[in-house]
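Colleague: Protein sequence lines, in the order shown, are assigned to chains P and W.
Quick note, in UniProt numbering, the first sequence goes up one by one and the last residue is 251.
Quick note, in UniProt numbering, the second sequence goes up one by one and the last residue is 251.
Each residue gets a CB set at the ideal place from its N, CA and C atoms; glycine is no exception.
Just so we're clear, the structure is a prediction, and the values are computed from it rather than from any experiment.
2 protein chains.
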Amino acid sequence: MTTAAPAKPARRTPLARTGAARSSAESRIVRSIGEAIADRRLPPGTKLTEESLAEAFGVSRERVRKVLLLLAQRRVVTLIPNRGAFVAKPSPKEAREVFEARRVIERAIMERLERLPRPLSDDMLEKLRGHGALEDAAERAADRKAMIRLSGQFHLLLAEFAGNATLAGILTDLIDRSSLAIAAFERRSSHTCSADDHRRLIAALIGNRPGEATALMIEHLDDVERQLDLEAKTDTRIDLKAIFADEPEPT
Amino acid sequence: MTTAAPAKPARRTPLARTGAARSSAESRIVRSIGEAIADRRLPPGTKLTEESLAEAFGVSRERVRKVLLLLAQRRVVTLIPNRGAFVAKPSPKEAREVFEARRVIERAIMERLERLPRPLSDDMLEKLRGHGALEDAAERAADRKAMIRLSGQFHLLLAEFAGNATLAGILTDLIDRSSLAIAAFERRSSHTCSADDHRRLIAALIGNRPGEATALMIEHLDDVERQLDLEAKTDTRIDLKAIFADEPEPT
DNA sequence: GCCTCCAGAATTGTGCACAATCTGCGCGGT
DNA sequence: ACCGCGCAGATTGTGCACAATTCTGGAGGC
């Protein structure tokens with residue numbers, strides 16, 4: 001930021017550890033960028049220059065390139081050939097699809113959780129309550145970043161309880177993309193934060209009135225989606241293109 | 001195959017086109033390997049040496065490396081650091097999870113299809129019937145490879161009709177992983193091929209008796225899973241470990 | 001004043017050389 | 001005879017240099 005010295009290639013730690021240590025460093029970077037996108041330090045459309053990221057994380061450009069490829073596969077960043085990587089900017093259609101996919105998967109998860117033998121295991125109860133406390137704390141502190149992260153983790157926690165790591169993995173991606181959709185389409189106004197919904201969900205799960213937790217989850221997801229402004233005004237550029245699409249050419 | 005001349009690095013086409021043409025070449029390779037895995041020309045556990053693949057496809061090793069990274073992300077190949085890439089060998093647990101995930105997603109897809117206004121669009125009817133004919137033909141010709149490919153495409157076709165590209169994309173991965181699971185766990189015996197199930201599904205969809213198509217789909221997926229031998233004898237190594245786990249040490 | 005075009009800068013893409021690691025095998029010691 | 005040790009050979013991992021492309025700013029013409 002201060003000096004514009006491009007000659008220093010940001011040498012990484014002297015002992016360049018290789019092997020397993022590297023892979024964890026990569027997933028660390030993936031997670032780090034993922035979180036930054038989720039809590040909007042990196043808004044949709046942001047250009048992600050390889051060199052800058054390499055410098056920021058103290059790794060080589062190739063490593064960053066690999067990470068970007070992974071993130072692109074998860075639809076969190078968009079890779080445009082010869083143009084670079086950008087934080088993905090979902091279309092309203094895609095946003096709706098993501099929420100629909102979440103409803104499909106999370107309904108199934110809730111149905112499985114409701115089918116679990118009662119009472120729920122102590123481990124589960126403890127984790128649920130612990131997480132609830134964390135969300136409450138974040139809400140009281142008005143720590144928006146923490147709230148966003150915890151909200152995602154809550155849904156993931158439920159997925160893990162359902163005991164299907166494959167579904168949980170799919171949901172992980174969908175949650176990241178939800179964050180992106182929220183960042184792109186959130187209305188200026190309102191946003192009754194979802195900690196309250198989560199509280200009710202936890203209570204319903206523990207209480208086990210058949211169908212209640214599932215219904216609450218669907219309603220919760222609907223609520224979040226409804227708080228978005230998904231009218232189809234994606235981009236000025238695209239609008240112009242559409243408007244002048246069938247203008248006759250003035251030779 | 002005939003000569004073992006390793007000195008020739010399999011030069012790619014003289015004019016190394018760059019840009020958009022490259023990305024399509026990559027997805028071509030991904031698809032090609034994916035299909036080879038699906039129809040068992042590449043059984044689970046097969047070592048995928050970068051150099052061999054590069055030679056086979058006439059591209060550089062780096063390109064192959066990128067493709068393998070993508071396939072690994074989709075859990076179709078397993079990447080072991082410093083050891084290389086292998087065709088993934090799902091555990092019985094993972095196989096079950098994949099089929100459960102498919103039931104979750106494909107049930108939702110069928111419910112949406114059943115909710116479609118009737119009669120179905122000509123386009124849909126034509127594609128359904130056309131696909132049915134293809135499957136019949138493959139069955140009559142006993143073309144196992146074609147049957148496997150068409151079977152996957154059938155499920156994907158339904159997903160596309162449901163109009164949610166995100167769900168369809170998720171299902172694409174799950175179908176590939178199903179193929180892997182089938183390759184890994186199929187019983188020697190039987191295998192009443194699923195073309196018949198698909199025929200009935202098409203009929204139920206067109207007929208539109210509420211819930212029938214959805215029920216058939218669930219049953220179909222259950223059938224396919226039941227035809228697998230998912231008893232937990234994943235690996236000899238692990239069996240030994242389990243068997244001798246609580247043997248007293250003979251010092 | 002505005003548009004077009006072009007050179008230089010910045011950024012991404014790719015081949016290559018070499019380093020790091022794993023595997024298989026032979027050799028010597030006990 | 002058996003076990004560890006270590007040395008090739010093969011394979012993967014990574015930094016780097018350079019090629020290709022896009023972007024930017026400004027000069028020149030209309």
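Short of 7 Å in beta carbon distance, which residues of its chain neighbour Asp229(W), apart from the five on each side in sequence? Order them along the chain.
Modeller: The beta carbon of Asp229(W) sits closer than 7 Å to those of Phe185 and Arg187, all from its chain and outside the five residues before and after it, given in chain order.
Colleague: Going by C-alpha distance, which of Leu150(P), Arg144(P), Pro44(P) and Ile170(P) is nearest Gly130(P)?
Modeller: Leu150(P)
Colleague: For Arg40(W), which residues from the same chain have a beta carbon less than 7 Å from its beta carbon, with the 5 sequence-adjacent residues on both sides left out?
Modeller: Ala183
Colleague: Buried or exposed for Asn82(W), going by 16 or more other Cβ atoms inside 10 Å?
Modeller: exposed
Colleague: Is the separation between the beta-carbon of Glu106(W) and that of Leu221(W) shorter than 8 Å?
Modeller: yes
Colleague: For Val64(P) versus Leu53(P), is the C-beta distance shorter than 8 Å?
Modeller: A contact, by the Cβ cut-off of 8 Å.
Colleague: Tell me where the alpha helix (DSSP H) around Leu70(W) begins and ends.
Modeller: Arg61 to Gln73
Colleague: Thinking C-alpha only, which one of Lys47(W), Arg199(W) and Asp173(W) is nearest Ala38(W)?
Modeller: Looking at the Cα atoms, Asp173(W) is the closest of the given residues.
Colleague: For Thr78(P), list the residues DSSP reports as bridge partners.
Modeller: Phe86(P)
Colleague: Can you check which of these residues, Ser24(W), Glu100(W), Phe99(W) and Leu116(W), is closest to Val67(W) by C-alpha distance?
Modeller: Ser24(W)
Colleague: Consider the Cβ of Val104(P): report whether some Cβ of chain W lies at a distance smaller than 8 Å.
Modeller: Yes, contact with chain W.
Colleague: Give me the Cα-Cα distance between Pro90(W) and Glu219(W), rounded to the nearest whole angstrom.
Modeller: 23 Å
Colleague: Does DSSP put Leu221(P) in a helix, in a strand, or in coil?
Modeller: helix
Colleague: Can you list, in chain order, the residues of its chain with a C-beta nearer than 7 Å to that of Ala159(W)? Leave out the 5 residues immediately preceding and following it.
Modeller: Ile109, Leu167, Ala168 and Leu171
Colleague: With DSSP collapsed to three states, give me the class of Leu48(W).
Modeller: If DSSP states are grouped into helix, strand and coil, Leu48(W) belongs with the strands.
Colleague: When Cβ atoms are compared, which residues of the stretch 146-174 of chain W fall closer than 7 Å to chain P?
Modeller: Asn164, Ala165, Thr166, Leu167 and Ile170
Colleague: I'd like to confirm the pairing. Which residues does DSSP put opposite Leu228(P) in its beta bridges?
Modeller: Glu186(P)
Colleague: Check whether chain P comes within 8 Å of Lys66(W), counting only Cβ atoms and requiring the distance to be less than that.
Modeller: yes
Colleague: Taking 8 Å as the CB-CB limit, is Leu221(W) close to chain P?
Modeller: no
Colleague: How do the stretch 114-129 of chain W and the stretch 200-210 of chain W stand: do at least 3 beta-carbon pairs fall below 8 Å, yes or no?
Modeller: yes
Colleague: Please go through the same chain and pick out, in chain order, the residues whose beta-carbon is closer than 6 Å to the beta-carbon of Ile29(P), but skip the five residues on each side of it.
Modeller: Phe57 and Val67
Colleague: Go ahead and label Gly34(W) buried or exposed: buried means 16 or more other beta carbons lie within 10 angstroms of its beta carbon, across all protein chains shown.
Modeller: buried
Colleague: Just to make sure I have the definition right: I need the residues of chain P whose C-beta is within less than 7 Å of the C-beta of Leu70(W). Which are they?
Modeller: Gln73
Colleague: What does Val98(P) touch in chain W if you count any residue whose Cβ is under 8 Å from its own?
Modeller: Thr166
Colleague: Along chain P, which residues have their Cβ under 7 Å away from the Cβ of Glu114(W)?
Modeller: By Cβ distance, chain P contributes nothing, its closest Cβ being about 15 Å from Glu114(W), past 7 Å.
Colleague: Going by the beta-carbon positions, is the gap between Leu201(P) and Ala215(P) smaller than 8 Å?
Modeller: no
Colleague: Measure the Cβ-Cβ separation of Arg112(P) and Ala165(P) and say whether it is below 8 Å.
Modeller: Their beta carbons are not under 8 Å apart, which means Arg112(P) does not touch Ala165(P) by this criterion.
Colleague: Under a CB-based cut-off of 8 Å, is Ser101(P) close to chain W?
Modeller: Note on identity: in this sequence residue 101(P) is Ala, with Ser being the wrong assignment. With 8 Å as the cut-off, Ala101(P) counts as an interface residue toward chain W.
Colleague: Is the beta carbon of Thr46(P) less than 8 Å from the beta carbon of Val98(P)?
Modeller: no
Colleague: Can you give me the C-alpha to C-alpha distance between Leu69(P) and Leu71(W), rounded to a whole angstrom?
Modeller: Near 12 Å, if we compare the C-alpha coordinates of Leu71(W) and Leu69(P).
Colleague: Kindly indicate which three-state DSSP category Gly211(P) falls into: helix, strand or coil?
Modeller: coil
Colleague: According to DSSP, is residue 253(P) helix, strand or coil?
Modeller: Past the edges of chain P, shown from 1 to 251, lies residue 253(P), and the structure says nothing about it.
Colleague: Does Arg12(W) have its Cβ less than 8 Å from a Cβ in chain P?
Modeller: Because Arg12(W) carries a pLDDT of 41, less than 50, the predicted location of this residue cannot be relied on, and no value is offered for it.
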